[in-house]
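Trainee: Going by full-length UniProt numbering, the first residue of the sequence shown is number 1, and it counts up by one from there.
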Amino acid sequence: MRTSPLYALLQESTDYLQQQNVNGINIASSKTSHSSFDSEHGCDRFNVRIEYCGQNIDCQIIFDPVDWQFPPDVILPPPLETAFTVYQVASDDWDIRDRTCLFKYMMQLRELFIHEETKRLSTEHPGQLNDPAYSIPSSPDTPQLQPSYNQTPVFSTPEPVSIHRQELMAALCDAFRKQLLECDTIQYKFMSLYVNVRIPEHIWKTLKTELHHLAEKKGVQVDKRMGQVATAIVNIHLSDEDTRSVDLNLISAINFQSPVSAEPKSTQINCSFAANTPVQEKVAHMKKTIIQHVPDLHASLPVQPTYTIDMESP
Numbered sequence: 001m002r003t004s005p006l007y008a009l010l011q012e013s014t015d016y017l018q019q020q021n022v023n024g025i026n027i028a029s030s031k032t033s034h035s036s037f038d039s040e041h042g043c044d045r046f047n048v049r050i051e052y053c054g055q056n057i058d059c060q061i062i063f064d065p066v067d068w069q070f071p072p073d074v075i076l077p078p079p080l081e082t083a084f085t086v087y088q089v090a091s092d093d094w095d096i097r098d099r100t101c102l103f104k105y106m107m108q109l110r111e112l113f114i115h116e117e118t119k120r121l122s123t124e125h126p127g128q129l130n131d132p133a134y135s136i137p138s139s140p141d142t143p144q145l146q147p148s149y150n151q152t153p154v155f156s157t158p159e160p161v162s163i164h165r166q167e168l169m170a171a172l173c174d175a176f177r178k179q180l181l182e183c184d185t186i187q188y189k190f191m192s193l194y195v196n197v198r199i200p201e202h203i204w205k206t207l208k209t210e211l212h213h214l215a216e217k218k219g220v221q222v223d224k225r226m227g228q229v230a231t232a233i234v235n236i237h238l239s240d241e242d243t244r245s246v247d248l249n250l251i252s253a254i255n256f257q258s259p260v261s262a263e264p265k266s267t268q269i270n271c272s273f274a275a276n277t278p279v280q281e282k283v284a285h286m287k288k289t290i291i292q293h294v295p296d297l298h299a300s301l302p303v304q305p306t307y308t309i310d311m312e313s314p
């Protein structure tokens with residue numbers, strides 16, 4: 001069986017891309033598409049999910065192990081294949097020997113999607129572009145707001161919003177500024193975070209046992225550099241006007257190389273507060289709850305019932 005320098009270079013590039021997936025780019029699966037090349041040396045075809053403006057695009061990124069000096073081919077789903085010109089993505093600076101090159105290429109593609117979506121909104125909803133609709137930052141360094149398609153207001157005049165929700169949302173945005181993915185600044189009802197949490201030692205021991213079993217007994221490839229860090233998406237929903245009840249939905253990251261964890265784990269947590277609980281105390285309690293429960297999603301622990309966190313006096 002043949003091999004190609006592409007595979008070792010791609011492994012470094014995809015590892016870097018996965019480390020930067022806070023930007024809304026996630027590799028869902030991968031495989032070797034050429035039968036003449038040894039699949040054990042790596043992959044050249046990737047299914048990638050790109051998040052932008054509140055939407056997801058599932059596309060295929062295909063490299064040629066023979067002409068590996070050139071950028072990959074990008075296959076978009078049918079509704080989009082004629083709407084976007086992928087060649088708008090600059091390829092002059094492509095160099096697969098630079099492990100950041102694939103990430104930069106995907107970010108350029110994502111920026112193209114955002115640009116096209118913004119242009120579409122300016123035509124179909126010209127009065128909405130200046131509204132403070134919730135957004136996904138295009139990069140961690142430039143968190144400019146981008147309008148979201150599925151959150152475009154139906155009515156031109158927004159409904160009255162409780163001052164309590166506004167205050168709590170503002171405090172949450174300030175506390176989780178570095179982790180913020182999405183934020184509803186119209187109705188102040190929800191926000192999404194991408195968090196990294198240190199795994200406690202007692203859970204890490206259980207998790208190391210599972211990883212060892214996967215690597216040694218089942219031959220599953222495991223990223224040994226993950227360290228004692230658990231990642232998750234946290235969706236925060238403010239369900240009532242006085243913010244006495246807040247729902248947290250925790251969703252674990254996906255290890256696409258492991259058949260036993262192909263689907264994310266999730267848990268729902270309800271935080272209840274007394275009417276006079278200060279806003280900063282609510283934020284601190286939610287942060288503590290996230291830190292406490294995110295590591296559980298990454299360990300071989302029994303299925304837990306729905307958690308209820310109650311701060312009211314007994």
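Don't be surprised by glycine CBs; every beta carbon is placed ideally from N, CA and C.
#1: Please tell me whether F63 and P77 are closer than 7 Å, where the distance is taken between their beta carbons.
#2: Suppose you measure from the CA of R225 to the CA of D15; what does that come to, to the nearest Å?
#3: Ordered along the chain, which non-local residues of its own chain (more than five positions away) have a Cβ less than 7 Å from that of P295?
#4: Measuring alpha carbon to alpha carbon, tell me which of Q108, Y7 and I57 ends up nearest R45.
#5: Would you mind giving the Cβ-Cβ distance between I96 and L17, rounded to the nearest angstrom? I have them listed as a contact below 8 Å.
#6: Could you tell me which residues DSSP puts in a beta bridge with T231?
#7: Quick check: the Cα distance between N26 and I57, rounded to an integer number of angstroms?
#8: Please report how far the alpha carbon of C59 lies from the alpha carbon of H115, in whole angstroms.
#9: Out of curiosity, what's the CA-to-CA distance linking D174 and M286?
#10: For Q11 and D98, what's the separation of their Cα atoms in angstroms?
#11: In whole angstroms, what is the alpha-carbon distance linking L112 and N47?
#12: First and last residue of the beta strand (DSSP E) that includes V74?
#13: In angstroms, rounded to a whole number, what distance separates the CA positions of I233 and I291?
#14: What number of angstroms, rounded off, separates the C-alpha of A28 from the C-alpha of R49?
#15: At the level of alpha carbons, what is the spacing between N235 and Q55?
Mentor: Considering the structure as presented:
#1: F63 places its beta carbon 7 Å or farther from that of P77.
#2: Per-residue confidence for R225 stands at a pLDDT of 44, beneath the threshold of 50, marking its modelled position as unreliable; the derived number appears in the next sentence. Taking the straight line from one Cα to the other gives about 10 Å.
#3: So the qualifying residues of the chain are V197, I199, P200, I203 and A230.
#4: The option with the nearest alpha carbon to R45 is Y7.
#5: About 12 Å separates the two Cβ atoms, so there is no contact after all.
#6: Per DSSP, N196.
#7: About 11 Å.
#8: If I take the Cα positions, the gap works out to 18 Å.
#9: Roughly 14 Å separates the two Cα atoms.
#10: For Q11 and D98, the distance between alpha carbons rounds to 12 Å.
#11: Going from the Cα of L112 to the Cα of N47 covers about 18 Å.
#12: DSSP places V74 inside the beta strand (DSSP E), whose first and last residues are D73 to I75.
#13: I233 and I291: Cα-Cα distance of roughly 12 Å.
#14: As the crow flies, the alpha-carbon of A28 is around 7 Å from that of R49.
#15: Here the alpha carbons of Q55 and N235 stand approximately 16 Å from one another.
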